[in-house]
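Peer 1: Protein sequence lines correspond, in order, to chains A and B.
The C-terminal position of the first sequence is numbered 245 in this note's numbering, with every residue numbered one higher than the one before it.
The C-terminal position of the second sequence is numbered 705 in this note's numbering, with every residue numbered one higher than the one before it.
Quick reminder that beta carbons are idealized off the backbone N, C-alpha and C, glycines included.
Every value quoted in this text rests on a predicted model; they were computed, and no experiment measured them.
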Amino acid sequence: MRVGLFIPCYVDQFFPNAAIATLELLEKLGVAVQFPINQTCCGQPMANSGYEHLTGGCNELFMKNFDGFDYIVAPSGSCVLHVREHLRSDEAPVKARDIAHKVFELTSFLTDILKVESLDSRFPYRVGMHQSCHGQRGLHLSQMTELVAPQFSKPGKLLGMVKDIDLIPLSRKDECCGFGGTFCVTEEAVSAKMGQDRVEDHLEHGAEYITGVDMSCLMHMEGILKRRDSKVKVIHIAEILNAQL
Amino acid sequence: MNVTGKDHAQLAGAFNKDTQRVNWHDETLWWIRAKRDKAVHGLPEWEALRETASKIKHNVLANLDTYLQQFEVNAMGNGVTVHWAADAAEHNRIVHQLLTKKRITRMVKSKSMLTEECGLNEYLAEHGIEVIDSDLGERIVQLAKEPPSHIVLPCIHKKKEEIGDLFHEHLGTPAGNADPQFLTNTARHHLREVFLTRKAALTGVNFAVAETGEIVVCTNEGNADMGAHLADIHIASMGIEKLIPQRKHLGVFLRILTRSATGQPITTYSSHFKSPQPGKEMHIILVDNGRSTQLGREEFRNSLKCIRCGACMNTCPVYRRSGGHSYHNAIAGPIGSILAPNLNMERYADLPFASTLCGSCSNVCPVKIDIHDQLYKWRQVLVKAGYTPKTKTAAMKIMSTTLASPTAYRLAGKAGRMVIKYAPFAVNNALNPWYKQRDMPEAPKQSFREWYNDNRKKKN
């Protein structure tokens, strides 16, 4: 199995620890992982702002970098959803679809493809799980509170394998944190308020860490936590699944 | 941009100046979302009902011409006069003419979002006709001289104390009395006099049944019935998408409408109006006002399935924290944001961007409109049509060029991290909207790719 590691651009630049944990975790599970060094961005920031027509360059680069892998794995629900739904090529449309279908978000790759049933990790803290919308509602990583359907959670199942972790409940299980890409600056007031409310829910329930499958949501909440001088930290789920504290 | 020149972000920014009010607004609507959840989780067949409703509406939209003609023939056969209005102006003219012919200058109206969309009250006021809204929430916003902020709960943005003040000013209740039961009773007496004296009543339409030519109006207050039964002339205004093929389909729609809207199993009154009472008149106005244009936009056609339950507003984390008026459109929230640009792209270009695309709206929608996908698609249409700021377009072009080149990306990333690390004042200032209420992330000394080159590549 040849797995290509797809690291979102902002994770590469600002959250290398999440990327390192993803790589180490996959290696520990016996996967041969390669990181195509010339990858940049999936193009989502442009597309969600209404400029999908400017993402041709990113699409082409993505296809060049990730051609030939059996699977492409990324520690992000949002970027994976974007590639799955919007990776296009006028010259090679079939290949684009083929590559798009090989892209997996990390936790679903672990549960659905590797079928991980146990992990050798320990994280003795009180942790709040943030459901990132694109992972949850877009990729169906967990059941959504709006639907009348059986409960499940792929990230939740994996966190359940971590020793000594204390997962806290939340008042609003799957409300958006308000990051929303460029929304966080174009709609600053509402975005910040949504983030504050989400953080508050975790704090009220005694979280020491807030985790999730998307670093973008966590970056948003981290910005709010730091502004209020909170000791509570954000941590990507890969870092917990890879932790041996 | 709306008539006041302010867009959603600016109006939402103003709403957020009062944090306590935002909290209260959010909690109130979340409570309704929770009631909805409780009601739908009690029905194991809920998802099947949504699917069925969506498919029935799909059939209606695919055969709208046929159903409209069938409905017209059957309604006329029932003794109803049917009118066709191509746009809001024609709708308003028809209502005005019907009233003028009868020399009526005062009308009572139950809830109709269509008449809000058409600006009927303002139009009739200019022509010397007084309209009193009989839905309690609508009456309250009418007294406040404000538009509704929510399609099901028009005055949800008002606290009971503010309603007490309005009633004191307009209906003579004692100052400082904000007891909901007392105020409701006062409104009841006030409206009773209105019902008894108005010769014309206008109602909206929730469902129009093609096979029978009848209309169904759902209210919790019975105000549509009081108005329509007591008046000499009943005018019902409906958008052409309100049709359902057969009466039996109400068995699906009446079950999903109020569960989605308020968490009730059914509205208190689901009234069927089929033919005029002896000696009285009943008119139905079928209004297009952009609907056939939307029907022709394949990507946005499904928006016409909407049954105006308001569930997407109650669940929307942006709507709950920005208030209905920030959407500067008769229909606010996610559904309003995909309907409004169809009417006027320039005026409503901001609305599809007033969303994080979280997708909760599409999940609660009882007719399964792909609301958040349509928000995404409207963004693409609006950008291509040139309705976004030039500065944003310029920035996006730079971004796309940078991200399409591994070298440019590496340099820009490094530069970005250097700025945050060594010149934080360049980003930690009032010109950066992120920094206003949030700290910037710390810049690590190495990017992941630099780490990878040091720790994996070199070892290999």
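List the residues that DSSP assigns as beta-bridge partners of residue 209(A).
Peer 2: Residue 209(A) pairs with 127(A), 233(A).
Peer 1: Just to confirm, is the Cβ distance from residue 65(A) to residue 39(A) under 7 Å?
Peer 2: Taking 7 Å as the Cβ cut-off, residue 65(A) and residue 39(A) qualify as a contacting pair.
Peer 1: Going along chain A in order, which residues have a C-beta closer than 7 Å to the C-beta of residue 591(B)?
Peer 2: Under the 7 Å cutoff, chain A gives no residues; its nearest Cβ is about 15 Å from residue 591(B).
Peer 1: For residue 334(B), count neighbouring C-beta atoms within 10 Å of its own C-beta (all shown protein chains included) and say buried if the count is 16 or more, exposed if not.
Peer 2: Exposed, because fewer than 16 other Cβ atoms sit within 10 Å of the Cβ of residue 334(B).
Peer 1: According to the neighbour-count rule (16 or more other Cβ atoms, all chains shown, within 10 Å of its Cβ), is residue 623(B) buried or exposed?
Peer 2: Buried: at least 16 other Cβ atoms inside 10 Å.
Peer 1: Around the C-beta of residue 679(B), are 16 or more other C-beta atoms found within 10 angstroms, so that it is buried, or is it exposed?
Peer 2: Under this definition residue 679(B) is a buried residue.
Peer 1: Listed in chain order, which residues of the region 326-349 of chain B have Cβ atoms closer than 7 Å to some Cβ of chain A?
Peer 2: Those residues of the region 326-349 of chain B that come within reach of chain A (Cβ to Cβ, closer than 7 Å) do not exist; the list is empty.
Peer 1: With contact counted as at least three CB pairs below 8 Å, one residue from each stretch, are the region 397-414 of chain B and the region 458-470 of chain B in contact?
Peer 2: The region 397-414 of chain B is not in contact with the region 458-470 of chain B.
Peer 1: For residue 287(B), does the count of other Cβ atoms within 10 angstroms reach 16, so buried, or fall short, so exposed?
Peer 2: The residue in question, residue 287(B), is exposed, as its Cβ has fewer than 16 Cβ neighbours within 10 Å.
Peer 1: Three Cβ pairs or more, each shorter than 8 Å: is that satisfied between the region 125-139 of chain A and the region 588-603 of chain B?
Peer 2: Judged by Cβ distances under 8 Å, the region 125-139 of chain A makes contact with the region 588-603 of chain B, as three or more pairs qualify.
Peer 1: Just the chain B side, please: which residues come within less than 7 Å of residue 187(A) by C-beta, in chain order?
Peer 2: Near residue 187(A) (Cβ distances below 7 Å), the residues of chain B are 254, 257, 599.
Peer 1: What is the DSSP secondary structure of residue 478(B), counted as helix, strand or coil?
Peer 2: Strand, per DSSP.
Peer 1: Need the endpoints of the beta strand (DSSP E) that residue 34(A) sits in, please.
Peer 2: It spans 32-34 - the beta strand (DSSP E) in which residue 34(A) sits, taken as one unbroken run.
Peer 1: Helix, strand or coil: which one does DSSP assign to residue 142(A)?
Peer 2: Note: residue 142(A) maps to strand in three-state DSSP.
Peer 1: Would residue 93(A) count as contacting chain C if we go by Cβ distances under 7 Å?
Peer 2: Considering every chain present, this structure includes no chain C. Its protein chains are A and B.
Peer 1: Ignoring anything shorter than 3 residues or poking outside the region 41-123 of chain A, list the beta strand (DSSP E) runs there in chain order.
Peer 2: List check, beta strand (DSSP E) in window: 71-74, 103-105.
Peer 1: If I measure Cβ to Cβ from residue 27(A) and keep anything under 8 Å in the same chain, skipping five residues before and after, which residues do I get?
Peer 2: Cβ neighbours of residue 27(A) beyond the five flanking positions: 33.
Peer 1: Restricting to runs no shorter than 4 residues, where is the alpha helix (DSSP H) found entirely within the region 328-373 of chain B?
Peer 2: With a minimum length of 4 residues, the continuous alpha helix (DSSP H) runs that stay inside the region 328-373 of chain B are 333-346, 358-363, 365-371.
Peer 1: For the region 144-152 of chain A and the region 235-242 of chain A, state whether three or more C-beta atom pairs, one from each stretch, are separated by less than 8 Å.
Peer 2: Cβ pair count under 8 Å is below three, so no.
Peer 1: Within 8 Å, do at least three Cβ pairs link the region 588-600 of chain B to the region 217-226 of chain A?
Peer 2: No: the two stretches stay apart, fewer than three of their Cβ pairs being nearer than 8 Å.
Peer 1: Could you pull out every residue in the same chain whose Cβ sits closer than 7 Å to the Cβ of residue 386(B), ignoring the five residues on either side in sequence?
Peer 2: Contacts found: 392, 393, 399, 400.
Peer 1: Heavy atom of the ligand COA less than 6 Å from the Cβ of residue 203(A), yes or no?
Peer 2: Only the bare structure without any ligand can be found here, which leaves the ligand COA out of the picture.
Peer 1: Hey, how far is the Cα of residue 124(A) from the Cα of residue 274(B)?
Peer 2: Computed Cα separation, rounded: 37 Å.
Peer 1: What does residue 378(B) pair with, by DSSP beta-bridge criteria?
Peer 2: Beta-bridge pairing links residue 378(B) to 354(B).
Peer 1: Taking contact to mean at least 3 C-beta pairs separated by less than 8 Å, is the region 44-56 of chain A in contact with the region 12-23 of chain A?
Peer 2: No, they do not touch.
Peer 1: Please report the straight-line C-alpha distance between residue 418(B) and residue 377(B), rounded to a whole angstrom.
Peer 2: Their backbone Cα atoms lie some 19 Å apart in a straight line.
Peer 1: Buried or exposed, going by whether 16 or more other CB atoms sit within 10 Å of the CB of residue 291(B)?
Peer 2: That one is buried.
Peer 1: Look at the Cβ atom of residue 340(B), then the Cβ atom of residue 446(B), and state whether they are nearer than 7 Å.
Peer 2: No; because the gap between Cβ atoms is not below 7 Å, this pair is not in contact.
Peer 1: Under the three-state reduction of DSSP, which class applies to residue 593(B): helix, strand or coil?
Peer 2: Coil, per DSSP.
Peer 1: Does any residue of chain B bring its CB to less than 7 Å from the CB of residue 66(A)?
Peer 2: Output row for residue 66(A): interface = no.
Peer 1: Determine the contact status of residue 690(B) and residue 614(B), defining contact as a CB-CB distance below 7 Å.
Peer 2: No, the Cβ-Cβ distance between residue 690(B) and residue 614(B) is not below 7 Å.
Peer 1: My guess is that residue 488(B) and residue 453(B) are in contact by the Cβ rule of under 8 Å, so how many angstroms apart are they, rounded?
Peer 2: Between residue 453(B) and residue 488(B) the Cβ distance is about 5 Å, and since that is below 8 Å, they are a contact.
Peer 1: Ordered along the chain, which non-local residues of its own chain (more than five positions away) have a Cβ less than 8 Å from that of residue 546(B)?
Peer 2: Contacts found: 306, 539, 540.
Peer 1: Return the first residue and the last residue of the beta strand (DSSP E) that residue 452(B) is part of.
Peer 2: Note, residue 452(B): beta strand (DSSP E), 452-454.
Peer 1: Throw me the rounded Cβ distance for the residue 519(B) and residue 457(B) pair, which I believe falls under 8 Å.
Peer 2: So it is a contact: roughly 7 Å between Cβ atoms.
Peer 1: Strictly below 9 Å CB to CB, what residues from chain B border residue 48(A)?
Peer 2: Within chain B, the residues near residue 48(A) are 602, 621, 624.
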